[in-house]
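A.B. asks: Handing you a structure now.
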Amino acid sequence: MRNPLVALSLLITAAFTPAPKLADGQAPPVAAPYDVAADAHAAVDAAFARAHATGRRVLVDFGGNWCGDCRVLAGILANPAVHDWAQTGFETVLVDVGRLNKNMDIAERWGVHITAVPTVLVLTADGKLLNPGNVFALADARAMSAQAVVDLLATWRAPG
70 MRNPLVALSL
80 LITAAFTPAP
90 KLADGQAPPV
100 AAPYDVAADA
110 HAAVDAAFAR
120 AHATGRRVLV
130 DFGGNWCGDC
140 RVLAGILANP
150 AVHDWAQTGF
160 ETVLVDVGRL
170 NKNMDIAERW
180 GVHITAVPTV
190 LVLTADGKLL
200 NPGNVFALAD
210 ARAMSAQAVV
220 DLLATWRAPG
């Protein structure tokens, strides 16, 4: 069982760690951010186990290496300032959906039917979906500035 004082400390740190400010424009895309050979079910379960231990939220990014928006989102998350900041508030897992024919059942656990990627679920360590009306908010990541993506992530990252 996790120490409640450690969990509280992590939540406070996440709440008061401001989102990084990025230069205007977009981050370079990542060529292949999704591991097509990964056991996505095990990776999601491991992210929840870490979230229980750390008090962080779980960010599950469903996408495919063929998807330009997915690769742009991965590029933003790979920015060192964003990466370090996101790690203090999220346990992040990337799930390859193939051509929308693989690992789709994972999103269905939370009643989400993936029709576009990236689809991003933000969940509590106990599995409550926190962004039910916004799971497709980053589906057009190529049209968003990197700062707009980070600012949206910040709204999900803040302790509930």
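Position one of the sequence shown corresponds to residue 70 (the working numbering), numbered consecutively onward. Don't be surprised by glycine CBs; every beta carbon is placed ideally from N, CA and C.
(1) Could you tell me which uninterrupted beta strand (DSSP E) segments, each at least 3 residues in length, are contained entirely in the region 131-185, listed from first to last along the chain?
(2) According to DSSP, is residue 188 part of a helix, a strand, or is it coil?
(3) In three-state terms, what does DSSP make of residue 221?
(4) Cα-Cα, which of 197, 115, 194 is closest to residue 163?
(5) With a 10 Å radius around its C-beta and 16 neighbouring C-beta atoms as the bar for buried, classify residue 154 as buried or exposed.
(6) So is residue 140 buried or exposed if we call it buried at 16+ other beta carbons inside 10 Å?
(7) For residue 210, which residues of its own chain have a beta-carbon under 8 Å away from its beta-carbon, when the five flanking residues on both sides are left out?
(8) Quick test of your reading: residue 130 and residue 189, contact by CB under 8 Å. State the CB separation rounded to the nearest angstrom.
C.D. replies: Quick look at the numbers:
(1) 159-165
(2) Position 119 of the sequence shown, counted from the start, is the residue given in the question as residue 188. Here residue 188 sits in strand by DSSP.
(3) As a working note, residue 221 is residue 152 in the sequence shown. Residue state, collapsed to three classes: helix.
(4) Start at 1 with the first residue of the sequence shown, and residue 163 comes out as number 94. Answer by Cα proximity: 115.
(5) Locating residue 154 in the sequence shown gives position 85, counting from the first residue. Buried, since its Cβ has 16 or more Cβ neighbours within 10 Å.
(6) Position 71 of the sequence shown, counted from the start, is the residue given in the question as residue 140. When all chains shown are included, residue 140 counts as buried.
(7) Within the sequence shown, residue 210 is the residue found at index 141, counting from 1. Cβ within range, chain order: 138, 139, 141, 142, 145, 187, 218.
(8) Along the sequence shown, one-based indexing puts residue 130 at 61. Along the sequence shown, one-based indexing puts residue 189 at 120. 5 Å between Cβ atoms; contact.
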